[in-house]
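First up is the structure itself, then whatever we jot down about it.
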Amino acid sequence: MRKIIALLAVVILPLVLASCYMPTKYDLKIQILKDGRYAYEYEGDLIHLRFLQKLGTKEVAQGSAEEQKQAEIYIADLKRDRGFSEINYVGEARFRVKYRHQGNINERKSYSFVRRNGWFMRILRNQPGVVELQGNKLPKNYRDELIATGFDSWGKIRVWSDANVEFHNAGYVQEGNPTMYEWIIRSMAEPTPKMVIGIDP
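Residues in the sequence shown are numbered from 883 upward in steps of one, following this note's numbering.
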């Protein structure tokens, strides 16, 4: 952990970190139906990289009352989204969370998690009847440095859909009604999940 924090203190700029929650140790379930309805369920950890940087530079001392105070600030930030049912600070800038959200992509053009300006996964309607599921990650120079020091993002992503899937890069598909698409993410170095889905306009 010491090496990771030291690295973050040097190579990652505050602008990049300002609103960035890094998912890890997660189980993400998504349902996208042909009528446009979708459901999103995330259980796992979110690491706030700006907070981690503060710990690394000793701007905030680990184990201090100030660390807990800072954690409460980030908890309050997450709670602005009512989809979070559980948020627990477990140390080292890491928050263990449970999150659920439902919507209709025909009524709202896009949905991003965790934040619009710091998203790791989003559902986007680019044109009527066409929906994209897109994964996101840090720029290559940052993630390469992080991986080299033992810091990485990993988890499982499963998507269920009864719609016409025109493209996907899932590692496993289980046919059915709905069909399930699965990605086992072992590292930030791996390709991000992508899907193109045809829905009722």
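C-beta: ideal position from N, C-alpha, C; glycine also. Owing to the predicted nature of the structure, the values given are computational and were not obtained by experimental measurement.
Using a C-beta cut-off of 8 Å, the region 941–950 makes no contact with the region 994–1007, since fewer than three inter-stretch Cβ pairs fall below that distance. For residue 988 and residue 1004, the gap between their C-alpha atoms comes out near 14 Å. Closest in alpha carbon position to residue 908, among 1083, 1027, 978 and 984, is 978.
When C-beta atoms of the region 1051–1071 are compared with those of the region 966–985, fewer than three pairs fall below 8 Å, so the two segments do not count as touching. In this structure, the CA atom of residue 1029 is about 15 Å from the CA atom of residue 934. Here the region 1037–1054 lies against the region 1072–1081, with 3 or more beta-carbon pairs under 8 Å apart. Annotated three-state conformation of residue 1004 is strand, per DSSP.
The continuous alpha helix (DSSP H) containing residue 958 extends over residues 947–961.
Note: residue 976 is bridge-paired with 929 and 973 in the DSSP secondary-structure output. Going by DSSP, residue 1046 is part of the beta strand (DSSP E) stretching over 1046–1050. As DSSP reads the structure, residue 1066 sits in a beta bridge with 1038. In the DSSP assignment, residue 1014 falls within the unbroken beta strand (DSSP E) covering 1012–1017. In this structure, the alpha-carbon of residue 964 lies about 28 Å from that of residue 1011.
Burial check for residue 1017: the Cβ neighbour count within 10 Å reaches 16 or more, so the residue is buried. Going by DSSP, residue 911 is part of the beta strand (DSSP E) stretching over 903–914.
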